[in-house]
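Each remark here refers to the structure printed beneath this line.
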Amino acid sequence: MSVVGFDVGFQSCYVAVARAGGIETVANEYSDRCTPSFVSFGPRNRSIGAAAKSQVVTNCKNTVQGFKRFHGRAFSDPYVQAAKSSLVFDLAQMPTGTTGIKVMYMEEEKVFSIEQVTAMLLTKLKETAEAALKKPVADCVISVPSFFTDAERRSVMDAAQIAGLNCLRLMNDTTAVALAYGIYKQDLPAPEEKPRTVVFVDVGHAGYQVSVCAFNKGKLKVRLFLHILSMVLVLNRHSMLIFKLIKITKALNKITKNCANIKIKTVSIKIKKEDIYAVEIMGGASRTPAIKDRISKFFGKELSTTLNADEAVARGCALQVSSRAEWHMSHAVLHCSDCEVFPKNHAAPFSKVLTFYRREPFSLEAYYNNPKELPYSDPTIGQFTIQKVVPQPSGESSKVKVKVRVNVHGVFSVSSASLVEVVKSAEGEEPMEMDTPVKEDENKMQVDQEVQKAQGDDQKEHADKKSDTEDMETSTEDNKQEEKKNEQPPQAKKAKVKTKTVDLPIENSLNWQLAGEALNLFVENEGKMIMQDKLEKERNDAKNYVEEYVYEMRDKLHGVLENFVSEADRDSFSLKLEDTENWLYEEGEDQQKQVYIDKLVELKKLGEPIQNRYTEAEERPKALDELGRQIQQYTKVVEAYKAKDELYDHLDELEMMKVDKQMNEAMTWMNNKMNLQSKQSLSQDPVVKAQEIQAKTKELYSACNHIVTKPKPKVEPPKEETAAEQNGPVNGQEGSEAQTGNPEKGQAAPETTEAKLPEMDIN
Numbered sequence: 001m002s003v004v005g006f007d008v009g010f011q012s013c014y015v016a017v018a019r020a021g022g023i024e025t026v027a028n029e030y031s032d033r034c035t036p037s038f039v040s041f042g043p044r045n046r047s048i049g050a051a052a053k054s055q056v057v058t059n060c061k062n063t064v065q066g067f068k069r070f071h072g073r074a075f076s077d078p079y080v081q082a083a084k085s086s087l088v089f090d091l092a093q094m095p096t097g098t099t100g101i102k103v104m105y106m107e108e109e110k111v112f113s114i115e116q117v118t119a120m121l122l123t124k125l126k127e128t129a130e131a132a133l134k135k136p137v138a139d140c141v142i143s144v145p146s147f148f149t150d151a152e153r154r155s156v157m158d159a160a161q162i163a164g165l166n167c168l169r170l171m172n173d174t175t176a177v178a179l180a181y182g183i184y185k186q187d188l189p190a191p192e193e194k195p196r197t198v199v200f201v202d203v204g205h206a207g208y209q210v211s212v213c214a215f216n217k218g219k220l221k222v223r224l225f226l227h228i229l230s231m232v233l234v235l236n237r238h239s240m241l242i243f244k245l246i247k248i249t250k251a252l253n254k255i256t257k258n259c260a261n262i263k264i265k266t267v268s269i270k271i272k273k274e275d276i277y278a279v280e281i282m283g284g285a286s287r288t289p290a291i292k293d294r295i296s297k298f299f300g301k302e303l304s305t306t307l308n309a310d311e312a313v314a315r316g317c318a319l320q321v322s323s324r325a326e327w328h329m330s331h332a333v334l335h336c337s338d339c340e341v342f343p344k345n346h347a348a349p350f351s352k353v354l355t356f357y358r359r360e361p362f363s364l365e366a367y368y369n370n371p372k373e374l375p376y377s378d379p380t381i382g383q384f385t386i387q388k389v390v391p392q393p394s395g396e397s398s399k400v401k402v403k404v405r406v407n408v409h410g411v412f413s414v415s416s417a418s419l420v421e422v423v424k425s426a427e428g429e430e431p432m433e434m435d436t437p438v439k440e441d442e443n444k445m446q447v448d449q450e451v452q453k454a455q456g457d458d459q460k461e462h463a464d465k466k467s468d469t470e471d472m473e474t475s476t477e478d479n480k481q482e483e484k485k486n487e488q489p490p491q492a493k494k495a496k497v498k499t500k501t502v503d504l505p506i507e508n509s510l511n512w513q514l515a516g517e518a519l520n521l522f523v524e525n526e527g528k529m530i531m532q533d534k535l536e537k538e539r540n541d542a543k544n545y546v547e548e549y550v551y552e553m554r555d556k557l558h559g560v561l562e563n564f565v566s567e568a569d570r571d572s573f574s575l576k577l578e579d580t581e582n583w584l585y586e587e588g589e590d591q592q593k594q595v596y597i598d599k600l601v602e603l604k605k606l607g608e609p610i611q612n613r614y615t616e617a618e619e620r621p622k623a624l625d626e627l628g629r630q631i632q633q634y635t636k637v638v639e640a641y642k643a644k645d646e647l648y649d650h651l652d653e654l655e656m657m658k659v660d661k662q663m664n665e666a667m668t669w670m671n672n673k674m675n676l677q678s679k680q681s682l683s684q685d686p687v688v689k690a691q692e693i694q695a696k697t698k699e700l701y702s703a704c705n706h707i708v709t710k711p712k713p714k715v716e717p718p719k720e721e722t723a724a725e726q727n728g729p730v731n732g733q734e735g736s737e738a739q740t741g742n743p744e745k746g747q748a749a750p751e752t753t754e755a756k757l758p759e760m761d762i763n
C-alpha cells in the first residue's frame, strides 16, 4: 500500500506519495504539482483546484479560498468577525454556532461548513493521488500548522472523514519539514553524541512558524515552536486595506510592499546562536528578499535552502508512516480539574492515569491554562462527565481511575474511566484497600508504561517532580491513614481484600465538535455532490465531442477530404455542421447528455462514409502491394519447380499444381478489382475494401505457404562412415568423446571448470 501525504496550505496544496523506494510529488490533471486551495460553486457542479481558481473573477461570490483559518471557530469568534470584511464571499452561522460559507450552488442558496469545504478540497487531492498511483487511496497523513488547537485539529479530522480518507496522523508543518530534512542525512551525530540543532523557518501565505529541532542518527526531537497567526490579516489591519474586486490589484501591491516591514517576534530560548548548525527556510513567502534578509540578520547565519520550499511539508508527511518522530505540543498546559496534566512542549502521543475519590458522578473540564499564548478565543477544550460513580458499600468514596491522552493527532481525550470496587472480606479479617506496591503510587498520576518508554529519562524526572502537584485525592485524612499503612511492614498486615474494576461510561462535550448525525449527513451529501460532478463532467464531455467533431469535419471537408465527397454532399454536410454549431450556442447550450450523444450520431452518419473513403484510399494500395508480393513469391517458386531446380525437386507435383491454381486465381481476382476500382472516382464508395484484400492475402498464404516451405528429407550417411566413427575419430574430430578411457582427454573438463572459478563466490 502506498503512503500519501497531503500538504493542505492556505493558498495551495501538494500531494506526495511513497513508492519505488523514494518520495515523489505527483502532478494534477494540468501537469502541475501545485493545486490551488480554491473551491468554486456553480449552477450544476463544483470546480476545485486550478479550475476553481480560474473563476475568481467571473464567479467571485461563489469561489472560496483561505477557509483553512476558520476551522473549529464559532461564527461569533472575534477573529472570524474581523476577517469578514476582507472576504469576497459571505460567511454565515451554522445551526451549531460554527462558521459556515454561504454560496449559490445548483441554483439554490446553501451554507456549507468549513469541514465540508475542506473535504471537497481533500477529495480533489485524493483523486490526484489515485490518478498517479492507478489504485484507490484511503490512508493518508495531513499537515496542519503547529499552532492549531484541539478544536481545529478535530475539525480537520472530520473533514478527512467526510472525504472518505483515513487520516493516520495530523502532522505539524514544521515537524514534517524536519523529518524530510533529516531522514536522508548520513552525517548526523551518533545517538550518544551531542545532537545537531537546526532551525526551520516556515514563512507561508498566512502563517509564520519557527521550530528548533535536535537531530541524532535515527532520532528527531522537536524542541521549540514559535508562530505568528494569520499574517495576511495582520497586514490588512496594518495597512487598513479592504479587499474589493475593483481594488484587489492595488491592495496586493501594498501588501507586498509592507511585507518588508514585518517585525520578527522572538522569544528567549536557552539556545546560543553558535549552537545552531543551520537555518532552513521554506514556504511560499520565503522568496521575498526583505524577509530572508531580516531572518538571516537575526540568526547571524546565511540561510540554507537545501529543501524544496514548496514541497518539503508534503514529502515529510509521506515519510511519516515509515518513521517514528517525537514531537512536542506547541501550546500551553492542558489543565484538568485545576491540575496541570500536559505542560507546554510535552511529548505526544502520551497517556496519563488520574486517580479520584468520589461518591457520585463528576465532571472534568480540560482547557489551556494561558489564553494569552493561544491563537484562539476560547481556551476550553471540552467537558467530560464520568457517569455511574457510586460510593463503596461502607459509604466511603470510591476510587476512580481516569485515563487521559493526547493522541498522535495532538487531540486531547478522556479515553477510559474505571471504578475500583472493594469486595467485602470474610469475618474476622480487617479490610485493606490495596496491595503495598499499588499504595505507593496511589497519590500520583500514573503513566502508561508503553508510552513512558518512548518519552525518555527527561520526562520521567519531570513526572517525579510534578507528582505532588498532580495529586487527585480530595480527602486529606484518608491520605494520612494510607501513609501509615504504607509504613507498616508486610508481615504485620492481614489477609488482602479482593477488588474488582468496573468500566464507567464517559459523556463527552467538546467545543464545536461535529455530532455523529451531522457528520454522517455531511458524508452522504459529499457522495451526492461527487456523483453530480461526475454526471456533469460526462455531460460536458458529450457536448465537447459534438463541438470538436463539427470543427474537425468542417476543416477537413475543404482539406484532406475534399476529393472524397461530391460537391453537393459537401455543401449539404457543411450546412448541417453550421446548423449544429449554432444550435450548440443557443438551444443546445444546456441539454442532457443523451441529446448530445444523439446529435453526434446524426452527424457521423453523414461524415463517416466520407472518412471511410479517405481511409480506404490510404490503406488499399498497401494491401494490394502485399497481395502482389505474395503472388510474385509463389510464381517464382512454381517456375523454379518447373525448371527442375534441386531446391524444390522434393515437392509433390499435385500440391504444386494446387499452388499454381491458387496463385492464378488470386492474380485474376486482384487484376479484376483493380480495373473496376480505376473506373471509380474518389468521391464514390470503393469497389473493394482493404479488409477484403487482406483477407484474400491471408487465404493465399494459408493455402500455399506450407507447401512451398516444405523441407527436404534428410539423407542418412553410408554404413561405412558410421563404422569409422565408432572405431575412432574422423579427421581428428570428437576424439575426447569417443575415447572416454584416455586419462589425458579426461582432464579437459576439470581444466574448463578451473577457468570459470574466479567468476563464482568462493567462501
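Quick note, the sequence shown lines up with residues 1 to 763 if you use full-length UniProt numbering. Note that the Cβ used here is the ideal one computed from N, Cα and C, for glycine as well.
Beta-ladder partner(s) of residue i, from DSSP
i	result
Leu220	Phe215
Asp139	Asn166
Met104	Glu109
Arg46	Phe41
Leu364	Phe384
Between the CA atoms of residue j and residue i - distance to the nearest angstrom
i	j	result
Ile707	Val659	8 angstroms
Asn62	Ser40	6 angstroms
Lys134	Ala20	14 angstroms
Asp652	Tyr641	10 angstroms
Gln733	Lys698	At Gln733 the pLDDT is 48, less than 50, meaning the model places this residue with poor confidence; the figure from the coordinates comes in the next sentence. Approximately 48 angstroms between the Cα atoms of the pair.
Ser296	Gly207	19 angstroms
Thr288	Ser415	46 angstroms
Leu521	Gln320	31 angstroms
Asp139	Pro371	34 angstroms
Leu514	Ser54	32 angstroms
Cys167	Ala348	17 angstroms
Lys673	Glu567	26 angstroms
Gln65	Asn525	21 angstroms
Leu419	Arg358	10 angstroms
Ser286	Phe384	43 angstroms
Leu121	Met531	15 angstroms
Ala643	Arg613	45 angstroms
Glu115	Lys403	29 angstroms
Val565	Gly588	28 angstroms
Contact under 8 angstroms by Cβ, residue i with residue j
i	j	result
Val156	His71	yes
Ile381	Ala417	no
Val137	Lys126	yes
Leu179	Gly316	yes
Leu504	Lys388	yes
Lys593	Val546	no
Phe67	Ile101	yes
Gly283	Ala309	yes
Lys689	Leu627	no
Gln161	Val560	no
Where residue i falls, given that 16 or more other Cβ within 10 Å makes a residue buried
i	result
Phe10	buried
Gly5	buried
Thr668	exposed
Asp625	exposed
Val601	exposed
Ser146	buried
Met214	Here residue 214 turns out to be Ala, not Met, going by the sequence shown. So Ala214 counts as buried.
Phe298	exposed
Val550	buried
Ile128	Per the sequence presented here, residue 128 reads as Thr, with Ile not at that position. By the neighbour-count rule (16 or more Cβ atoms within 10 Å), Thr128 is buried.
Gln691	exposed
Tyr181	buried
Selected residue, minimal CA-CA separation from residue i, among the options
i	options	result
Pro195	Leu584, Val408, Leu307 and Asn216	Asn216
Met104	Gly97, Thr98, Phe89 and Arg153	Phe89
Lys185	Leu307, Tyr79, Ile281 and Val111	Leu307
Arg223	Thr174, Leu535, His409 and Tyr181	Thr174
Pro379	Ala131, Pro393 and Ala74	Ala74
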